[in-house]
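Heads up, the thing below is written out as structure tokens.
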Amino acid sequence: MFKTISAIAAIAILSACGETKRTGSFELKGTLSNSNGETIYLEKLINPQPVIVDSTVIDEKGNFEFKTYTPHIGFYRIKLDQQNFAMLVLDSTDKVKLTANLKDLARTYKVEGSPETALFVEYNEITNQKNIRMDSLNQAFQAIVQTIKMDSLKMDSLSAIFEKPFNEIMNSFNATISEKITKNPDKYASMIAIQGMEPDKFGDLYKKLDEGLNKKYPSDKGVKMFHEVVSKMLATTIGQKAPEIVLPTPDDKELALSSFRGKIVLVDFWASWCGPCRKEMPNVVKAYAKYKDKGFEIYGVSLDQDKGRWLEAIQKDGITWPQVSDLKYWDSYAAKLYAVEGIPYTVLLDKEGKIIAKNLRGADLEKAIEKAISVK
14 MFKTISAIAA
24 IAILSACGET
34 KRTGSFELKG
44 TLSNSNGETI
54 YLEKLINPQP
64 VIVDSTVIDE
74 KGNFEFKTYT
84 PHIGFYRIKL
94 DQQNFAMLVL
104 DSTDKVKLTA
114 NLKDLARTYK
124 VEGSPETALF
134 VEYNEITNQK
144 NIRMDSLNQA
154 FQAIVQTIKM
164 DSLKMDSLSA
174 IFEKPFNEIM
184 NSFNATISEK
194 ITKNPDKYAS
204 MIAIQGMEPD
214 KFGDLYKKLD
224 EGLNKKYPSD
234 KGVKMFHEVV
244 SKMLATTIGQ
254 KAPEIVLPTP
264 DDKELALSSF
274 RGKIVLVDFW
284 ASWCGPCRKE
294 MPNVVKAYAK
304 YKDKGFEIYG
314 VSLDQDKGRW
324 LEAIQKDGIT
334 WPQVSDLKYW
344 DSYAAKLYAV
354 EGIPYTVLLD
364 KEGKIIAKNL
374 RGADLEKAIE
384 KAISVK
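In this note's numbering, each residue's number is its place in the sequence shown (first place is 1) plus 13.
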């Protein structure tokens, strides 16, 4: 199960609320077809809810102009209502001219004078094209699945056939986005584009964007938060030494992750309320039974809030390995330290405490443990 909003997406809409009365050269005006004197609004995207910072009435010729506020760099939207809006990335020196059909702002708007918005639109179009290709391929996959029903051998063969084109689409998408971020390493819009890209594969890209944004916007709240999240992400990439965790066990005794140094350790983030975690638990129980006497240990980190439910799940699921929790749900210090965005989430450590694999499940988990144990 996942948080309702990713860390980077949250950061992107948490930039400092720095709107001020109009003092600079900022302009935001344009023409909207199919309009009839409606009021439109300029909103700043701030978590957890957008805030209206300006409004204006469209004149009889379809022209409009926002006159009250000068924006601080960040994400905004012009909206008619909650379902009809156009996304913008605005800065205080922009002179923006926007044209669109008021009946469908998102699909028809065109912008001049806002480099950040232009880049955002490019990123969005690249993502949309990827999604169209993925949806088409998935529909073809599902259509064939319906014909072979529950034949596991045919399913395995079908999955293998479709794996290549799926990977080709994702590799092409990642390459295109990476190239564009590399050319725009100091753009606010790039913070949205990079989310979802694996830090283990694109660590250098995260660093480049982090450095570029910090150089351009050193005092910006959103950029500072982005830096914090990226630092945590990169600290838990494969090859890094696992950050220390010290949390209380069910009997309120503090237990350090480092106390298991010398063993292959699986850090397992889970919770009693997490359906996918409970579904995966039999595989973890099986792996523990198979390897616990061969130098393998599990350090379970629960994101529970209710201690009673946590203890009940431990007993019901047959969990016999060490468990810890600060009972703080998604505010768990360990989850934040490891930049956990969804559970179940696992991190496999070698005997020296270095991260060697992540997010393992089922057969892949056993294979990784077997490989790690065999290393002398």
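In this text, a Cβ means the ideal position worked out from N, Cα and C, and glycines have one as well.
Residue pairing of ASP94 in beta bridges, as defined by DSSP: ASN97. ALA352 carries a coil assignment under DSSP once its states are collapsed to helix, strand and coil. Closest by C-alpha distance to TRP283, out of SER345, ALA188 and LYS177, is SER345. With contacts defined as CB atoms closer than 8 Å, THR83 and SER68 fail to qualify as a contacting pair. In the pairwise beta carbon analysis, the segment 151 to 160 is classified as not touching the segment 116 to 132: fewer than three pairs are separated by under 8 Å.
In its own chain, leaving out the 5 sequence neighbours on each side, no residue places its CB closer than 7 Å to the CB of ILE145. The count of Cβ pairs closer than 8 Å, one atom from the segment 322 to 330 and one from the segment 229 to 240, stays below three, leaving the stretches out of contact. The C-alpha of PRO178 lies about 44 Å from the C-alpha of ASP319.
Judged by DSSP secondary structure, GLU241 falls within the alpha helix (DSSP H) whose first and last residues are 234 to 248. Here the segment 77 to 92 lies against the segment 41 to 57, with 3 or more beta-carbon pairs under 8 Å apart. In the DSSP assignment, ILE327 falls within the alpha helix (DSSP H) that extends over 320 to 329. Per DSSP, the unbroken alpha helix (DSSP H) holding ALA302 starts and ends at 288 to 304.
Residue burial annotation: VAL64 is exposed, with fewer than 16 other C-beta atoms found within 10 angstroms of its C-beta. Residue nearest to GLN336 within the set LEU41, VAL297, ASP117 and VAL314 is VAL314 (criterion: CA-CA distance). In the structure shown, GLY216 falls within a helical segment according to DSSP collapsed to helix, strand and coil. The shortest C-alpha to C-alpha distance from ILE205 to any of MET246, ALA347 and ILE194 is the one to ILE194. LYS349 and ASN114 have their C-alpha atoms spaced approximately 43 Å apart. A Cβ-Cβ contact shorter than 8 Å links SER285 with TRP323.
Here SER387 is exposed, its C-beta having fewer than 16 other C-beta atoms within 10 Å.
ALA300 counts as buried, since at least 16 other C-beta atoms from the protein chains shown sit within 10 angstroms of its C-beta.
8 Å or more divides the Cβ of CYS287 from the Cβ of ILE182. Taking the CA atoms as reference points, VAL158 sits about 52 Å from PHE77. Straight through space, the alpha carbons of PRO198 and GLU379 are spaced by roughly 39 Å. In this chain, the beta strand (DSSP E) harbouring ASP67 covers 64 to 70. Take the alpha-carbon of ALA119 and the one of VAL66: they are about 20 Å apart. Counting the other Cβ atoms within 10 Å of the Cβ of ALA269 gives fewer than 16, which makes it exposed.
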